[in-house]
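Take any residue in the sequence shown, count from 1 to its spot, add 4: that is its number in this note's numbering. Backbone N, C-alpha and C fix where the C-beta goes; we use that ideal spot for every residue, glycine too.
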Amino acid sequence: MATDDQSDLLYSSYVSGYVNYDRSYGNLVNGAVASGTANGNSATLNVLSGSSNVSGATANNLGVLLTSGTLNAASIQSGGAGVAVANGIISGATVASGGSMIVTQNGTITDPTVHGGGVVAAGAFTAKGQPFPAGGVISGGTFDVGATEMVSAASAYGGHFKGTQLLLNGATASGGLFEAGGQQIIGGYYLSAVDSSGGTITKVSNVSGTESGWTANTAVASGASIQNGGTAYVLHGGTAVSGSVGTGGKEIVESGGRTLSLTVSGGTEIIESGGVASGSIVMSGGTITVSSGGTASNTILGAGGVEVVSSGGTAYATTISNGGTLSATSGGILSGITIVSGGGTLVLGGNNGNSTVNLAGTSFDQPANVVISAGTTNIAETFTGWSDGDQIIFKGLTGAASSISFSDANHITFALGGQTFTLNIIGVRNKFKFINDNGTTILETCFLTGTLVRMLTGYVPVEDIRPGDVIMVRDGDTFMSRDVKWVGKSQAVVRTTSPYPDEAGYPVRISKGALEDNVPFKDMLVTPEHCLFINGAFIPARMLVNGKNISYDTRYAVYDYYHVETEQHAVIEADGVLTETYLDTGNRTSFNSLSDSDVVAGHFETPKDWARDAAVPLVTSRESVEPIYRAIDGRNKMSGFNGEVHGSQDIWSHDPNLYLETPDGAVIRPVKQNGKNVVFMLPPGLQKVYIVSRTARPVDVIGSFVDDRRELGVLIGNIELMGGRNKCSLEAPLEPQNILGWASYEADTARWTAGRAEIDLSTFLVEGFRLLNIEVVSSLSYREKMVEQKNSLSA
């Protein structure tokens, strides 16, 4: 048997009484008691028969209430029995522990209350040595923990179960609510026999069917509701149709069992070896798990729905919508996946195993995420129908993607986390880029290459421009046409270990409408040093970053970028923004030429100079850039910008945390501070010491419009060393020379440290303790904690 949960379940009914008994057909009045008397191996029983209508009768030990009429509100005590035959009806009976009821032929039992240990059966059973034929109906009822409803070649409708409903050969059941320990068992192989007390013993399992005495079991349940604490088992020959599994509920489908159109909302469906589920609808926290040998087909994953396919499990023709997730781990097999309205996520690999995936016929018509986990290999994917915003996410694989190559436009090969991946994605060479999100590498359809450049024929994607094409360049307040001289393509690999996005090389995202209304007319991505034409000058994009409508897109790990060159440096329009053509300052060889020939005019020309050859001046001074920065930043409030940004929640402090450090690493804290003067006591014999503090960059503290990216500590003025009656000033840091740990020389009155500035004490040799007085002229704000923020990624 595949699942241990029900391997030892034993269902025994009518175990009280004797095999041999005499029948006494006395007529019982309302409220009378049917009691048996025992004499050796024989019993004399009171039996109600005929078409009488009796209310409130009680069957005690050895008593049997047998009716072809109507029996209302009967009480079936331990050892007693109630039987509805022919067209008999037992309505509203209470069955105590050890009591039992049976219905056969065309009889009916309605709304019984069955306590733990009580049994209600319909169909072909033996009770007190008396066999009963198939047929009968059980309708409704309440079954406590430990109570059992047994149905064989008969029918059951509804019922509220904290006990067990057992559907044997030929049984059908519809409705039914199972919770708080309630369980429904459908199909399977079973053993049935008469015990020494004249009752029926039934044991159910999912054996292979070859063991002696086991009988193949076929049963059907429809419309059951499995809720919190309830469990349904669908075994060999069992079928569950149009049921539902709610929060905390569970349905287990084993070998030979199948479910059709099950709705899983908050609960779990488990498809084990040989089990089959078709048409399951999974949503709102529901999960369907397909393990080895299990098969799920035509599953629909809606919002909050998850399907997990583990080793040897198979899922085909799954439809993912509205954020559903399909996961194949440790050898799970997928095929024919479709992502439709609302998009969804496909997860491959994980659990320290491999995922062999055949996605033939797979299409992604809506935004999709594919997550590939560490340890995943043997992936044979063909992705089609991908669009802007779709992602392949590599979980648990550290480092940046490397050794990236394309055998053709549809195949990408790369190394990541010590593994090599080859993916077959239609149009991957032109559409997909690597990005980095908090250490996770992502291959995404970002269309960075889709920047639209104004050409003579209209807007053209930059990657489609070739030498000889005609581009429009700005001439005063108008545009004129010029020939494209050269087009180059390069790949940027972000230095993800850098704490600063500008130095790391992340691209700058200029949001739609950041500069003016509808300028750019869509989000624009450029390298940090790429210049924009504003107020008659070129300004590097990095100097306008405000973390809102112009921000670093820190999710990129690798991306391509392009340059278009005209005969003279010029102002052009891209995505509605005035920007620059390529100016060859000596870095042309870092680009791959997109011309038909590798030998392009200009490759060996003398490098050009911004001051001499630029179309307009390059401006980086704060007084020129800050007003432009403020105007662009002000548009955030005008437009109600509320996107997610990078760096807006960083925690800053004005405390430089100043101290001294000896060459052997000992820390010396200040003994006092008087205004700007900080005093330290030095131990005897110390000839060198370092001024240590936090550091910050003016560009981060003041704003990107300040073109100062130096790492600065504190601004130091006078330094005095005192010992005994002697005192001297240490002038070296205020002189124009390079000193370890000091920033570049600017003036002879003060100088910035770079975070660990060396002080030479060897010229002032005084025995004993000495005092070092350091004048801290100025400090900065220092970042105590960098809080990483996600960037919005608009289409």
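Quick check: the Cα distance between residue 762 and residue 692, rounded to an integer number of angstroms?
7 Å
Return the chain-ordered ranges of every alpha helix (DSSP H) run that is complete within the region 253-298 and spans a minimum of 4 residues.
List check, alpha helix (DSSP H) in window: nothing returned.
Just to confirm the assignment, what range does the alpha helix (DSSP H) spanning residue 705 have?
702-705
Beta-carbon gap between residue 60 and residue 78 smaller than 9 Å:
Yes, these two residues count as a Cβ contact at 9 Å.
With a floor of 3 residues, list each beta strand (DSSP E) that falls wholly inside the region 130-218, ordered by position along the chain.
139-143, 152-156, 159-161, 168-171, 175-178, 187-190, 193-198, 204-209
Starting from the C-beta of residue 278, find all residues in its chain whose C-beta is less than 7 Å away, skip the five residues before and the five after it, and write them out in chain order.
258, 259, 260, 297
Going by C-alpha to C-alpha distance, which of 577, 640, 507, 572 sits closest to residue 528?
577
Over the uninterrupted alpha helix (DSSP H) stretch that includes residue 577, give me the two end residues.
Segment 575-578 is the beta strand (DSSP E) holding residue 577; no alpha helix (DSSP H) there.
Note down the Cα distance separating residue 641 from residue 165, rounded to an integer number of angstroms.
59 Å
I'd like to know whether the C-beta atoms of residue 250 and residue 226 end up nearer to each other than 9 Å.
no
Could you name the residues that DSSP lists as bridge partners for residue 778?
Answer is 682, 723.
Can you tell me whether residue 4 is buried or exposed, with buried defined as 16 or more other CB within 10 angstroms of its CB?
Because the chain here runs from 5 to 799, residue 4 falls outside it and cannot be looked at.
Which whole-angstrom value is the C-beta distance of residue 682 and residue 778, which I expect to be below 8 Å?
5 Å
So for residue 714, helix, strand or coil by DSSP?
coil
Distance check for residue 767 and residue 694, CA to CA, integer angstroms please.
16 Å
Residue 658 classed as buried or exposed, judged by whether at least 16 other C-beta atoms fall within 10 angstroms
Counting other Cβ atoms within 10 Å of its Cβ, residue 658 stays below 16 and is therefore classed as exposed.
Residue range of the unbroken beta strand (DSSP E) whose run includes residue 674
First-last for residue 674: undefined, no H or E at that position.
Exposed or buried, what is residue 522 when buried is set at 16 or more other beta-carbons lying within 10 Å of its beta-carbon?
Residue burial annotation: residue 522 is exposed, with fewer than 16 other C-beta atoms found within 10 angstroms of its C-beta.
The region 705-714 in contact with the region 620-637 per 3-pair CB rule at 8 Å
yes
Rounded to a whole number of angstroms, what is the C-alpha to C-alpha distance between residue 284 and residue 324?
Roughly 12 Å separates the two Cα atoms.
Start-to-end residues for the beta strand (DSSP E) that takes in residue 244
242-245
If you measure between the beta carbons of residue 246 and residue 264, is that distance less than 9 Å?
yes
If I follow the unbroken alpha helix (DSSP H) through residue 478, where does it start and stop?
Here residue 478 belongs to no alpha helix (DSSP H); instead the beta strand (DSSP E) covers 474-479.
Compare the beta carbon distance of residue 139 and residue 153 with 9 Å and say whether it is the shorter of the two.
no
Can you tell me the Cα-Cα spacing of residue 384 and residue 219, whole angstroms?
The pLDDT assigned to residue 384 is 48, lower than 50, so where the model puts this residue is not dependable, and the model offers no usable value.
Mind checking whether residue 566 and residue 461 have CB atoms under 9 Å apart?
no
What are the residues that DSSP puts in a beta bridge with residue 731?
726
Out of 746, 570, 655, state which residue places its alpha-carbon closest to the alpha-carbon of residue 472.
570
When the distance is taken between beta carbons, is residue 557 closer than 9 Å to residue 513?
yes
Here's the rule: buried if 16 or more other CB atoms are within 10 angstroms of the residue's CB, otherwise exposed. What is residue 614?
Residue 614 is exposed by the Cβ-count criterion.
Using a Cβ-Cβ distance under 9 Å, would residue 61 count as near chain B?
Any reference to chain B falls outside this structure, which holds one protein chain only.
Which residue from 785, 665, 234 puts its Cα closest to that of residue 703?
785
How about the region 313-329 and the region 341-354: do they share at least three Cβ pairs that are nearer than 8 Å?
By the Cβ criterion, the region 313-329 is in contact with the region 341-354, since at least three pairs of Cβ atoms, one from each stretch, lie closer than 8 Å.
Taking all protein chains shown into account, decide if residue 172 is buried (16 or more other Cβ within 10 angstroms of its Cβ) or exposed.
buried
Since residue 718 and residue 697 are thought to touch, with beta carbons under 8 Å apart, how far apart are those beta carbons, to the nearest angstrom?
5 Å
Could you say which of 159, 211, 235 lies nearest to residue 185 if we only look at CA atoms?
Proximity to residue 185 across 159, 211, 235 peaks at 235, based on C-alpha coordinates.
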